[in-house]
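Peer 1: This is the structure I have questions about; it appears just below.
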Amino acid sequence: MRALSLIVVVVWHWAFTILQWEPGGPEPTSPLGFTSGLWILTWLLQVLPLFFYVGGHVHLLSWERAKGRGVGIGAFVWRRIRALAVPALFLSGAWTVVGAVVTLVFKVDWMWRVVLLVLSPLWFLGVYLVLIALLPVALWLHRRYDVLALIWLGGAALVVDVVRFRYGMEWAGWLNMIVVWGLAHQAGFFYDRIVILPRRYDVGVLWTGLFALFGLVYSGIYPGSMVGVPGDKWSNMAPPTFVIVALLIFQIGLVEVLRPSMERVLERPGWRRVNDTINRFALPLFLFHTTGMAIALGVSWWLFGTLGGKVPPDLKWWLERPIAVLGPLICTLPVLYLFGRPRPARAEQLPDKS
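Pasting the structure below:
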């Protein structure tokens, strides 16, 4: 699940980000803003809820094993924070230096816009680090209140949306960066209970989430896309809305319905090796995939005088999407080789079937 989710995120960025050159530098936009109805695909392709969900399970599993070895919760949390923060800070520092040098030497102001775009996916790690820091509280809530913690977090997310949309307090929406993603992370604590449920419960969870999505989207309050789209009044992601809770429920149900098929695929040695490799390189791939994309776009601009984006996207642009990932992929692989340290395969990692 984790490997597939990561590949979806990376390929989405590589293939479906349209960059246009504006006076202030490169500006990203989405093809969803120029099409009709394709937003519904984001219900499958916006997989960040699953990232936090799997992360919650990994943290609970790892903590239980660490506790069995006599590791304290403080040391465990610090080790997790350090493992994520150090490479992220290295990447941020490197791009800050590049931005400063290019700006000073070539006298261009738009380079900082490039740096911001390359580092923009790191917001995910920022939220993730906060949730790791709050792990002692989350574990206590799980032990003390069990499923009630999920209900309270869901209620809090809904209250935040009411305050935001009913009373116009936009700032309140940012509370859901912790509440909504914290709920997804907390839901991961129930992973072991969910995977053993009979199939009819999996189907029930899927339909519950799907009906909730349709109800919320067609209420007219929330946009249908699960990613930001130019022209929408607001985004379901920045900050997240209660719709993401419904998306999480739908995706958990969908994954469980598909689990038998996925497990059969992973029984094949070749696919298992692919899954293991992606999981081991998960963090460096997430960190450096936008760096590889920036290098590829820079080469394209230098050689052809274009960033490859077209607004509105035409049929030719859509047909080129399968090969659009080749440039970023080719440029990302050497970056991974030079700077990406694979995560060691340890017993505390998520089981392969996930």
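Here the working numbering is used: the first residue of the sequence shown is 180, the next is one more, and so on.
Even glycine gets a Cβ: it sits at the ideal position worked out from N, Cα and C.
#1: Pick from 378, 401 and 279: whose alpha carbon is nearest that of residue 435?
#2: If you draw a straight line from the alpha carbon of residue 195 to that of residue 299, how long is it in whole angstroms?
#3: What does the alpha-carbon distance come out to for the pair residue 315 and residue 251?
#4: CA-CA distance, residue 253 and residue 228?
#5: Short check: CB of residue 429 to CB of residue 385, under 8 angstroms?
#6: Whose C-alpha, out of 200, 226 and 193, is nearest the C-alpha of residue 425?
#7: With a cut-off of 8 angstroms on the beta carbons, I'd call residue 211 and residue 187 a contact; round off their distance for me.
#8: By the 10 Å Cβ neighbour count, where 16 or more other Cβ atoms means buried, how is residue 452 classified, buried or exposed?
#9: Are the beta-carbon atoms belonging to residue 352 and residue 339 less than 8 angstroms from one another?
#10: Ignore the nearest five residues each way along the sequence and tell me which others in residue 488's own chain have a CB closer than 6 angstroms to its CB.
#11: Checking 8 angstroms against the spacing of the C-beta atoms, do residue 419 and residue 411 come in under that value?
#12: From residue 395 to residue 447, what does the alpha carbon distance come to, in whole angstroms?
#13: Within the continuous beta strand (DSSP E) that includes residue 435, where are the two ends?
#14: Rounded to whole angstroms, how far is the Cβ of residue 474 from the Cβ of residue 510, which I believe are closer than 8 angstroms?
#15: Could you tell me if residue 372 is buried or exposed, where buried requires 16 or more neighbouring beta carbons within 10 angstroms of its beta carbon?
#16: Is the beta carbon of residue 236 sitting closer than 8 angstroms to the one on residue 324?
#17: Going straight from the alpha carbon of residue 478 to that of residue 502, what length do you get?
#18: Distance check for residue 190 and residue 181, CA to CA, integer angstroms please.
#19: Helix, strand or coil for residue 499? Go by DSSP, reduced to three states.
#20: Per DSSP, what kind of secondary structure is residue 200 in: helix, strand or coil?
#21: Are there 16 or more other CB atoms within 10 angstroms of the CB of residue 307, so buried, or fewer, so exposed?
#22: Using DSSP with H/G/I as helix, E/B as strand and the rest coil, what is residue 290?
#23: Could you tell me which of 232, 259, 504 and 272 sits nearest to residue 242, measuring between CA atoms?
#24: Using the C-alpha atoms, what's the distance from residue 387 back to residue 290?
#25: Taking 7 angstroms as the cut-off, does the CB of residue 390 come closer than this to any heavy atom belonging to the ligand ATP?
Peer 2: Well, looking at it:
#1: Locating residue 435 in the sequence shown gives position 256, where the first residue counts as 1. The shortest Cα separation from residue 435 among 378, 401 and 279 belongs to 378.
#2: For the purposes of this step, residue 195 is identified with residue 16 of the sequence shown, where counting begins at 1. For the purposes of this step, residue 299 is identified with residue 120 of the sequence shown, where counting begins at 1. Taking the straight line from one Cα to the other gives about 16 angstroms.
#3: Locating residue 315 in the sequence shown gives position 136, where the first residue counts as 1. Locating residue 251 in the sequence shown gives position 72, where the first residue counts as 1. About 11 angstroms.
#4: As a position in the sequence shown, residue 253 is number 74, starting the count at 1. As a position in the sequence shown, residue 228 is number 49, starting the count at 1. Their backbone Cα atoms lie some 26 angstroms apart in a straight line.
#5: Mapped onto the sequence shown, residue 429 falls at position 250. Mapped onto the sequence shown, residue 385 falls at position 206. Between residue 429 and residue 385, the C-beta gap is smaller than 8 angstroms, which places the two residues in contact.
#6: Counting from 1 along the sequence shown, the entry for residue 425 is found at position 246. Of the candidates 200, 226 and 193, the one whose C-alpha sits nearest the C-alpha of residue 425 is 226.
#7: Along the sequence shown, read from residue 1 onward, the residue named residue 211 stands at position 32. Along the sequence shown, read from residue 1 onward, the residue named residue 187 stands at position 8. Not really, about 15 angstroms apart at Cβ, beyond 8 angstroms.
#8: Here residue 452 corresponds to residue number 273 of the sequence shown, with the count starting at 1. When all chains shown are included, residue 452 counts as exposed.
#9: Here the question's residue 352 lines up with position 173 in the sequence shown. Here the question's residue 339 lines up with position 160 in the sequence shown. Yes, Cβ-Cβ distance for residue 352 and residue 339 is below 8 angstroms.
#10: In the sequence shown, residue 488 corresponds to position 309, counting from 1. Same-chain partners within the cutoff: 197, 198 and 199.
#11: Your numbering for residue 419 matches position 240 in the sequence shown. Your numbering for residue 411 matches position 232 in the sequence shown. Not a contact, by the Cβ cut-off of 8 angstroms.
#12: Position 216 of the sequence shown, counted from the first residue, corresponds to residue 395. Position 268 of the sequence shown, counted from the first residue, corresponds to residue 447. Straight-line Cα distance between these residues: approximately 40 angstroms.
#13: If you number the sequence shown from 1, residue 435 lands on position 256. Run containing residue 435: none in the beta strand (DSSP E); it sits in the alpha helix (DSSP H), 422-445.
#14: Position 295 of the sequence shown, counted from the first residue, corresponds to residue 474. Position 331 of the sequence shown, counted from the first residue, corresponds to residue 510. That pair is a contact at about 4 angstroms.
#15: Stepping through the sequence shown from its first residue, residue 372 is reached at position 193. It is exposed - the Cβ of residue 372 has fewer than 16 other Cβ atoms within 10 Å.
#16: Reading the sequence shown from its first residue, position 57 is the one you call residue 236. Reading the sequence shown from its first residue, position 145 is the one you call residue 324. Contact flag unset, no.
#17: As a first step, residue 478 is located in the sequence shown; it is residue number 299 there, counting from the start. As a first step, residue 502 is located in the sequence shown; it is residue number 323 there, counting from the start. C-alpha separation (whole angstroms): 16 angstroms.
#18: For this step, residue 181 is matched to residue 2 along the sequence shown. For this step, residue 190 is matched to residue 11 along the sequence shown. Approximately 14 angstroms, taken between the alpha carbons.
#19: Within the sequence shown, the letter at position 320 stands for residue 499. DSSP places residue 499 in coil when its eight states are reduced to three.
#20: For the purposes of this step, residue 200 is taken as residue 21 along the sequence shown, with counting starting at 1. Here residue 200 sits in strand by DSSP.
#21: One-based indexing of the sequence shown puts residue 307 at position 128. With 16 or more other Cβ atoms within 10 Å, it is buried.
#22: Numbered from its first residue, the sequence shown carries residue 290 at position 111. If DSSP states are grouped into helix, strand and coil, residue 290 belongs with the helices.
#23: Taking the sequence shown and counting its residues from 1, one reaches residue 242 at position 63. Selected option, being the one with the closest Cα: 259.
#24: Your numbering for residue 290 matches position 111 in the sequence shown. Your numbering for residue 387 matches position 208 in the sequence shown. Their Cα atoms are separated by approximately 46 angstroms.
#25: Of ligands this structure carries none, so the ligand ATP is not represented either.
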